[in-house]
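Enquirer: First the structure, then my questions, so here it is.
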Amino acid sequence: MGLTLKEVLYTFEKIEKKITYYKQFLNELDAIIGDGDHGTNLSKGFKVAKEKVKDKEFKDWGDIFRTVGMAILSNVGGASGPLYGTAFMKASMIGKEKVEINIEDFRDILKVSIDGIKMRGKSEKGDKTMLDALIPAYEEINYGIENKLSVLNTLKNSVEAARNGVEYTKFIVASKGRALYLGDKSIGHQDPGATSSLIILEVIFDTVNELRN
Numbered sequence: 001m002g003l004t005l006k007e008v009l010y011t012f013e014k015i016e017k018k019i020t021y022y023k024q025f026l027n028e029l030d031a032i033i034g035d036g037d038h039g040t041n042l043s044k045g046f047k048v049a050k051e052k053v054k055d056k057e058f059k060d061w062g063d064i065f066r067t068v069g070m071a072i073l074s075n076v077g078g079a080s081g082p083l084y085g086t087a088f089m090k091a092s093m094i095g096k097e098k099v100e101i102n103i104e105d106f107r108d109i110l111k112v113s114i115d116g117i118k119m120r121g122k123s124e125k126g127d128k129t130m131l132d133a134l135i136p137a138y139e140e141i142n143y144g145i146e147n148k149l150s151v152l153n154t155l156k157n158s159v160e161a162a163r164n165g166v167e168y169t170k171f172i173v174a175s176k177g178r179a180l181y182l183g184d185k186s187i188g189h190q191d192p193g194a195t196s197s198l199i200i201l202e203v204i205f206d207t208v209n210e211l212r213n
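Just so we're aligned, residue 1 is where the sequence shown starts under full-length UniProt numbering, counting upward by one.
This is the structure we're talking about:
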């Protein structure tokens, strides 16, 4: 994997573009079980983050993640701002003095992000949240490392696991956020937070594939 700081910035740029591309789709998902602004809020946050990191020199990728996290915390409303912001801020703490992100770093990024989201959102896997995409992705990354799979295969498997997790959210009752009040009516609808997490994971795989092939 070994993404340089320049490549990390490039990845964030691509994340912003894809989140913005899917903004309306995410809003439509959120309109069914939430406030209907998940895509708009995330797109705004990543656009601000893109401007914050533009033409700036960074000493390590922890500094990049910290800047992105602060931008999201300060500019994204609803539940997604605190959760995504917390994830990036937690990840920034393990990126001090590191100028590349390897596959082990990415595993650790997911781990601390998941822990931060659990703490902030008081949620677990199976609650119909972004964790239903992120936790399966983390488990596949860990499996790939332990079994010495190639980086691309590991990332590909993690995306597929996240995609399955998003699909799974259609069949469970929400127990967090506004969707909680829908009860059984939340069944049949995929979670927008899990969907945006999947989009980000897809971008990471596509970018590594592009840069390393």
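All residues carry an ideal CB built from backbone N, CA and C; glycine is no exception.
With DSSP as the reference, label Thr-11 as helix, strand or coil.
Expert: helix
Enquirer: Can you tell me where the alpha helix (DSSP H) holding Lys-23 begins and where it ends?
Expert: 23 to 33
Enquirer: Would a C-beta distance cut-off of 8 Å place Val-76 and Asn-41 closer than the cut-off?
Expert: yes
Enquirer: So is residue 219 buried or exposed if we call it buried at 16+ other beta carbons inside 10 Å?
Expert: With the chain covering 1 to 213 only, the question about residue 219 has no answer from this structure.
Enquirer: Could you check how far apart the C-beta atoms of Leu-5 and Ile-72 are, in whole angstroms? I think they sit under 8 Å.
Expert: In fact, because the Cβ distance is near 19 Å, the residues do not count as touching under 8 Å.
Enquirer: Are the CB atoms of Phe-205 and Val-159 nearer to each other than 8 Å?
Expert: yes
Enquirer: Out of Lys-56, Glu-210, Tyr-168, Asp-191, which one is the CA nearest neighbour of Gly-39?
Expert: Nearest of Lys-56, Glu-210, Tyr-168, Asp-191 to Gly-39, Cα basis: Asp-191.
Enquirer: With a Cβ-Cβ cutoff of 8 Å, do Thr-154 and Ile-103 count as a contact?
Expert: In contact: Thr-154 and Ile-103 (Cβ atoms closer than 8 Å).
Enquirer: Does the distance from the C-beta atom of Lys-125 to that of Ile-172 stay below 8 Å?
Expert: Not in contact: Lys-125 and Ile-172 (Cβ atoms no closer than 8 Å).
Enquirer: By how many angstroms is the C-alpha of Val-203 removed from the C-alpha of Lys-18?
Expert: 8 Å
Enquirer: Quick one: what's Leu-3 bridged to in DSSP?
Expert: Ile-101
Enquirer: Taking the alpha-carbon positions, what's the Ser-43 to Lys-23 distance?
Expert: 7 Å
Enquirer: Under DSSP, the alpha helix (DSSP H) around Met-130 begins and ends at which residues?
Expert: Premise fails: Met-130 is in no alpha helix (DSSP H) and is neither H nor E.
Enquirer: Give me the Cβ distance between Lys-113 and Ala-91, rounded to the nearest whole Å; I'm assuming they're in contact under 8 Å.
Expert: Residue identity check: residue 113 is Ser in the sequence provided, not Lys. With a Cβ gap of about 5 Å, Ser-113 and Ala-91 count as contacting.
Enquirer: Does the distance from the CB of Lys-14 to the CB of Thr-207 come in under 8 Å?
Expert: In this structure, Thr-207 lies closer than 8 Å to Lys-14 by Cβ.
Enquirer: To the nearest angstrom, report how far apart Met-93 and Pro-82 are at their CA atoms.
Expert: 17 Å
Enquirer: Alpha carbon to alpha carbon, how far is Ile-32 from residue 214? Give it in angstroms, no decimals.
Expert: Look at the range of the chain in this structure, 1 to 213, and you will see that residue 214 is not part of it.
Enquirer: Can you tell me which of Tyr-143, Gly-188, Ile-101 puts its alpha carbon nearest to the alpha carbon of Tyr-10?
Expert: Ile-101
Enquirer: Measuring only the C-alpha atoms, how far is Lys-59 from Gly-95?
Expert: Straight-line Cα distance between these residues: approximately 10 Å.
Enquirer: State the Cα-Cα distance for the pair Gly-188 and Lys-111, rounded to the nearest angstrom.
Expert: In this structure, the alpha-carbon of Gly-188 lies about 29 Å from that of Lys-111.
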